Every structure is written in structure tokens, then in C-alpha cells.
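If you count by my numbering, then the sequence shown holds residues 1489 to 1780, one letter each, in order.
As C-alpha cells, the structure follows; a few thoughts come after it.
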Amino acid sequence: MRKESFKSAELAITKYLYEDGIKAYTTFDITKIFETKRDEWNIADYRNQFHFMKFLQDENMLKDHKLKHLATGKIKQIFAEPDASSLNIALSLKKGGYLSNYTAMQIHQLTLQIPKSIYISFSKSQNIHLNYNQNDLDQKSIDNAFSKPQRVTSEVYKSEIDNIRYYLIQKAFTETNVGLTFENGFLYTDLERTLIDIAIRPAYSGGVFEVLEAFEIAKDKIDIYKLNKYLEILNYIYPYHQLIGFYMDRAGYDEEILDAFKKKSDFNFYLTYNMSNKEYDEKWKIYYPKGF
């Protein structure tokens, strides 16, 4: 005989939600839980997932967080446990996603700032393979690309509760397999991968001055061999080793460390995009903002 309300199954529902290791759910997640567990919980046939969602909120098991997509205006509902953090909410937005850029800087204590933005990276399809070939690169294409503003994601959600913004950043499939660590329930980039990411995309990392400060803070705990190995695996078409070397040089790293990044390059490169006033570093062949 079916129970007429969720109340009769409250203990079983609470136990399931609080022991599954997940603290934030999308409406799809909640619907899937309901459909999977309704027979076990002996829920009446006339009850549906919307009744379930209302019950969870009424009993204060989960709190409804509404996130607005800034490009489309659509609302995305996230149901989070009372003690869930904004990082839990962030990772619920993309299954298999990981915390990166400015958010990873915070986790590794590479910044003193408390950003109101959270960055979640996720992969393109495993079936999409990018064949990077540096022979296809020329100085004119580099100059042209960096003369424009950096392209940024349009997948941005804003919380209606605390105004935190969630940025979803799509990465190549190969990039998602390098330098990730899982700790305290969060998947995020490790120290070395974080330094690579923030050097490449300063717009997602507080800007070039914040990136430099991160390199300064990381100086005594970075694994240079690991960082260099990551660059080899990632095999970027752009000479990002010049950026890494430049930041390390400005942050006061030892010369023997800098030697690892003094690889031959035929190209002048740029610290960031769309610089109106810039200077040139001959050692690293890098254009950087005047006054940096």
C-alpha cells in the first residue's frame, strides 16, 4: 500500500540526500532521484517531481537558488543543502566540471581578494580532437589576435540571492585531463595547472597584476618539473612558455628555474589582449602593458 505523503518517508529521504556526498542539485537531478527512489520510498502515484521539490523546500532539506543566465535571461534552479557553499552550487552547473582560474587561485591562496565570481571549466566532446601545429602559426596572426579584446564566455549565471556570478568555460578535451585534483568534495586545478591557466587567460583571473602576485606567492611551493610537463602535454599552439617565463622573471624566480622556459621561439608574444600602451621585453619577446 502506497503512502499518501512524503512526510512518511522523510527519514529515508533525509538519509539519502545527506549521505550521497552531493550538496547541490539541478531540477534534472531532483527529478531523477524522485523517479529512481519513489517505489523504494513507497510514494503515492499521484505525487510527482514538483511535489517532491516543494516538500524538500518546505522541510528545509534543500534551499532553492535561482540563477539567471545573463545572455538569455532564463532562470536555472539549483536545490542546495543548507550548508552548501557557492562552490557546491558552481559544480552542480556542469557535471564533470572543475573549479579553475580565479577560483582555483582562491583555493590555493594565491590571492588576497574575495571575488564575487566563480569559474567552472568543462570539456568539449571527447570526439573533438584538436590538432595543434605550430607551423600554421605566424607573427601576423598573433598580432591580429592580440590586438582585439580577449574572447570571454557568454555562459554566465548570476545568483538572485547573493549576486555571485558563475562563469562556465569550455576547454578542449585534452585540457581536462591535466593537473586536476580532488579534495574536500571539490574538483579543481592543482597549483601548477592553475598558474598556466591564469597566465593564459588573465581576464578570468583578476588581470595581469593579480596573475603576477599569484606567481610571487607560489614561488616557494611550485613544482617546476610538473608545470613544464603540463605544458608539453597540453601542447598549445601559442608559445605560452614565454608568458610563464616572463611572469616568473618578474616575480623573482631563480635563474636556473627560468632556464627551463628559455626555449627557442620565432615569435613575439603578448602578456594580454588589446593593449593600447605597451612595452617590450627582449629577453622573453613579450609585449606587456606600460607600467607593469
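Ideal Cβ positions, reconstructed from N, Cα and C, are used throughout, including at glycine.
This one's a predicted model, so the numbers in the text were calculated from it and none came from an experiment.
Pull up the distance between the alpha-carbon of Phe1703 and that of Leu1683, whole angstroms please. For this step, residue 1703 is matched to residue 215 along the sequence shown. For this step, residue 1683 is matched to residue 195 along the sequence shown. When rounded, the distance between both Cα atoms is 7 Å.
With respect to the beta strand (DSSP E) encompassing Gln1565, which residues constitute its N-terminal and C-terminal limits? Residue numbering aside, residue 1565 sits at position 77 when the sequence shown is read from its first letter. Unbroken beta strand (DSSP E) run through Gln1565: Ile1563 to Ala1568.
For Ile1608: DSSP bridge partner residues: As a position in the sequence shown, residue 1608 is number 120, starting the count at 1. Note: Ile1608 sits in a beta bridge opposite Leu1587 and Leu1656.
According to DSSP, simplified to helix, strand and coil, what is Pro1777? As a first step, residue 1777 is located in the sequence shown; it is residue number 289 there, counting from the start. In the structure shown, Pro1777 sits in a strand (DSSP, three-state: E or B).
At a threshold of 7 Å, does Asp1624 count as lining the ligand FAD (C-beta to nearest heavy atom)? The ligand FAD is not among the ligands present in this structure, which contains no ligands whatsoever.
Keeping to the same chain, check which residues put their C-beta closer than 6 Å to that of Leu1625; ignore five residues upstream and five downstream. Taking the sequence shown and counting its residues from 1, one reaches residue 1625 at position 137. Result list for Leu1625: Ile1725, in chain order.
Whose CA, out of Tyr1676, Ile1745 and Lys1751, lies closest to the CA of Leu1575? Taking the first residue of the sequence shown as position 1, residue 1575 is located at position 87. Cα-wise, what sits closest to Leu1575 is Tyr1676.
Continuous alpha helix (DSSP H) stretch holding His1729: start and end: The sequence position of residue 1729 within the sequence shown is 241, counting from 1. Per DSSP, His1729 belongs to the alpha helix (DSSP H) from Tyr1728 to Arg1738.
Segment limits, alpha helix (DSSP H) that includes Phe1634: One-based indexing of the sequence shown puts residue 1634 at position 146. It spans Gln1627 to Phe1634 - the alpha helix (DSSP H) in which Phe1634 sits, taken as one unbroken run.
Do you know offhand how far Lys1709's Cα is from Asn1716's? Taking the sequence shown and counting its residues from 1, the one referred to as residue 1709 is at position 221. Taking the sequence shown and counting its residues from 1, the one referred to as residue 1716 is at position 228. Cα to Cα, the separation comes out at about 15 Å.
Please confirm whether Ala1559 and Ser1642 have their CB atoms less than 8 Å apart. Within the sequence shown, the letter at position 71 stands for residue 1559. Within the sequence shown, the letter at position 154 stands for residue 1642. Against a cut-off of 8 Å, the Cβ pair of Ser1642 and Ala1559 comes out as a contact.
Where Thr1496 sits in the DSSP three-state scheme: The count along the sequence shown starts at 1 and reaches residue 1496 at position 8. In the sequence on display, residue 1496 carries Ser and not Thr. Helix.
Output needed for Ser1580: all residues of its chain with C-beta closer than 7 Å, excluding positions within five of it in sequence on either side, in chain order. Taking the sequence shown and counting its residues from 1, one reaches residue 1580 at position 92. Counting only Cβ-Cβ distances below 7 Å, and skipping sequence neighbours, we find Ala1512, Tyr1513, Thr1514 and Ile1566.
If we ignore side chains and look at the alpha-carbon of each, how far apart do Tyr1713 and Leu1679 end up? Looking up residue 1713 in the sequence shown gives position 225. Looking up residue 1679 in the sequence shown gives position 191. So the two alpha carbons sit approximately 12 Å from each other.
Report yes if the CB atom of Tyr1655 is closer than 8 Å to the CB atom of Ile1688, and no otherwise. For this step, residue 1655 is matched to residue 167 along the sequence shown. For this step, residue 1688 is matched to residue 200 along the sequence shown. No. Outside cutoff.
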